[in-house]
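A quick write-up on the structure given underneath.
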């Protein structure tokens, strides 16, 4: 905590769990693997529960619900695209000397292709090299 506070990063400090998706001042949250995994799994479960609730409400509802569902189809499609782990494929694992992309345990061929594409983009952008260069002069933080 104190190392990051003294760094040139725009460090916010601790973030409450309910602010992780809505705080406009936070782009990156650093946590250990267990906490991150629990957060992601809980988020997936919550998203699945809400989408299932909406889908069932529209399908079992009357004409008003069906019309509402029809009118909201573009919004639902955009949300599905944005939240799709298949589309993104994975996320870079930082802190290793190389490019590693972590994929979802349920990844299908499209998700694996997305993870390979994410790795390709990280290599093309020289992600590790740029992170290391950016951290020079931070003392123990970058070593």
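In our numbering, the protein residues as written are 18 to 160. Where is the CB? At the ideal position from N, CA and C, for every residue including glycine. Source: prediction; values computed, not measured.
For residue i, the nearest candidate out of the options (CA to CA)
| i | options | result |
| --- | --- | --- |
| residue 53 | 37, 70 and 21 | 37 |
| residue 32 | 108, 121 and 41 | 41 |
| residue 105 | 129, 91 and 95 | 129 |
| residue 64 | 88, 89 and 102 | 102 |
| residue 34 | 47, 125, 66 and 27 | 47 |
| residue 123 | 115, 116 and 132 | 132 |
| residue 97 | 115, 68 and 125 | 68 |
| residue 44 | 50, 91, 28 and 58 | 28 |
| residue 143 | 80, 116 and 82 | 116 |
| residue 120 | 127, 107 and 126 | 107 |
Proximity below 8 Å, CB of residue i to CB of residue j
| i | j | result |
| --- | --- | --- |
| residue 75 | residue 86 | yes |
Residue i, enclosing beta strand (DSSP E) - first and last residue
| i | result |
| --- | --- |
| residue 29 | No beta strand (DSSP E) holds residue 29; DSSP gives it neither H nor E. |
| residue 120 | 118-120 |
| residue 108 | 107-109 |
Per-residue burial, residue i [other beta carbons within 10 Å of its own, 16 or more giving buried]
| i | result |
| --- | --- |
| residue 23 | exposed |
| residue 140 | exposed |
| residue 118 | buried |
| residue 160 | Model confidence at residue 160 stands at a pLDDT of 47, short of 50, so the residue's coordinates are unreliable and nothing is read from them. |
| residue 135 | buried |
| residue 146 | exposed |
| residue 151 | exposed |
| residue 19 | exposed |
Endpoints, the alpha helix (DSSP H) within which residue i is located
| i | result |
| --- | --- |
| residue 77 | 50-77 |
| residue 132 | 126-141 |
| residue 18 | From DSSP, residue 18 is part of no alpha helix (DSSP H); its letter is neither H nor E. |
| residue 88 | 80-88 |
| residue 151 | 144-152 |
Review point. Do the segment 67-83 and the segment 111-121 touch if we need at least three Cβ pairs shorter than 8 Å?
Key: no
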